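Residue numbers (the numbering used here): 101 to 437. Reviewing the structure listed below.
Structure below.
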């Protein structure tokens, strides 16, 4: 209710929550020195998480208003159409904006590239970059204009791209930093749509919250509870189509993002309050992170076997430096890099 009162009279998605703004101010000069030297790091993390919860709630309330307008038929409905006939093919979609020239890819992306090639099964891999998107999908003109002007960053364009391709063609979306060590589970392939989500059955919650405090939390206020790096979907799936429609409405109206995970916050409210009957099976979203949590550690076949028993899909990151005897080094050798 607090955030509802705060956005009365404001343009939606036009600012941050008051708590979030206060913390942002404290992290800048001249207050930064006092903030970081006087307040212990552990306490700062707790304070910043509280600010994040406040911001998530603010974004949640803004989304509610847009969603109500959408379901009441008061907003434009966008219809995107296929530009190629891929109806007889099972597609893995990937995107790397700078292009897929192998020698120019970061090593982690090269590793993932090779793994998808090895475990693609009977899928066709279609890899998109900033130059060939238009061969497969045409977005409304305002998307191109705002992207060209830098209003829509490529990380957020990729959110639109995955939804559009899956809505129009169906298939599997894999981020460029997804490593495969097995073929896709059949139950994921058969689902109308599938994403990894937060599970209440996870026992070692503190470990995961420490590993990635911005993403992992089991607090009831947490609204970021879905991994969008891996998505399975049938063509025209209602959940994917609704998410796409609302994201297009967002970018038609707005030019900034006030929470990095605003897509995940949208998913949370859609599935909890509007399309709950369409929600896919909940499979623990720590599973795709089991490998990256160990990736810079000294390699252990025993540890790796435990991970492989639980998941063949792994979310990696390309901005780390790894030691020569690490899990990363093992996979470089495995995929002949």
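C-beta: ideal position from N, C-alpha, C; glycine also. The structure displayed is predicted, hence computed values, not measured ones.
Asked: Kindly indicate which three-state DSSP category residue 136 falls into: helix, strand or coil?; Found: helix
Asked: Could you spell out where the beta strand (DSSP E) holding residue 332 opens and where it closes?; Found: 326 to 333
Asked: For my contact list, residue 343 and residue 370 are in at a C-beta cut-off of 8 Å; report their separation, rounded to the angstrom.; Found: 7 Å
Asked: For residue 239, list the residues DSSP reports as bridge partners.; Found: Looking at the DSSP assignment, residue 239 forms no beta bridge with any residue, so it has no partner.
Asked: Which two residues bound the contiguous alpha helix (DSSP H) that contains residue 296?; Found: Looking at the DSSP string, residue 296 is not in any alpha helix (DSSP H); the run it does join, the beta strand (DSSP E), is 293 to 297.
Asked: Keeping to the same chain, check which residues put their C-beta closer than 6 Å to that of residue 283; ignore five residues upstream and five downstream.; Found: 219, 221
Asked: Would you report the Cα separation of residue 202 and residue 248, rounded to the nearest angstrom?; Found: 25 Å
Asked: When you compare the CB positions of residue 348 and residue 178, do they come within less than 8 Å of one another, or not?; Found: yes
Asked: Classify residue 140: buried if its beta carbon has 16 or more other beta carbons within 10 angstroms, exposed otherwise.; Found: exposed
Asked: Round the Cβ separation of residue 291 and residue 239 to the nearest angstrom and send it over; I've been treating them as touching at under 8 Å.; Found: Between residue 239 and residue 291 the Cβ distance is about 26 Å, and since that is not below 8 Å, they are no contact.
Asked: For residue 197 and residue 228, I'd like the C-alpha separation in whole angstroms.; Found: 7 Å
Asked: In the structure shown, what three-state DSSP assignment does residue 400 receive?; Found: coil
Asked: Does residue 378 come within less than 8 Å of chain B when only Cβ atoms are used?; Found: Of the chains in the structure shown, none is chain B; there is only one protein chain.
Asked: Given this structure, state the Cα-to-Cα distance separating residue 384 from residue 281, to the nearest angstrom.; Found: 18 Å
Asked: Does the beta-carbon of residue 425 have 16 or more other beta-carbons within 10 angstroms, so that it is buried, or is it exposed?; Found: exposed
Asked: Where residue 181 and residue 242 are concerned, what is the direct C-alpha to C-alpha distance, given to the nearest angstrom?; Found: 17 Å
Asked: In the DSSP assignment, find the alpha helix (DSSP H) that holds residue 345 and state where it starts and stops.; Found: 338 to 353
Asked: On the DSSP bridge assignment, give the partners of residue 177 in chain order.; Found: In DSSP, residue 177 forms no bridge with anything.
Asked: Three or more C-beta pairs under 8 Å: does that hold for the region 320 to 331 against the region 147 to 158?; Found: yes
Asked: Comparing C-alpha positions only, which one of 334, 315, 232, 338 sits nearest to residue 327?; Found: 315
Asked: Am I right that residue 212 and residue 276 are in contact with their C-beta atoms under 8 Å? What's the rounded C-beta distance?; Found: 6 Å
Asked: Can residue 325 and residue 259 be called in contact, C-beta distance under 8 Å?; Found: no
Asked: Does DSSP put residue 414 in a helix, a strand or coil?; Found: strand
Asked: Beta-carbon separation of residue 192 and residue 261 under 8 Å?; Found: no
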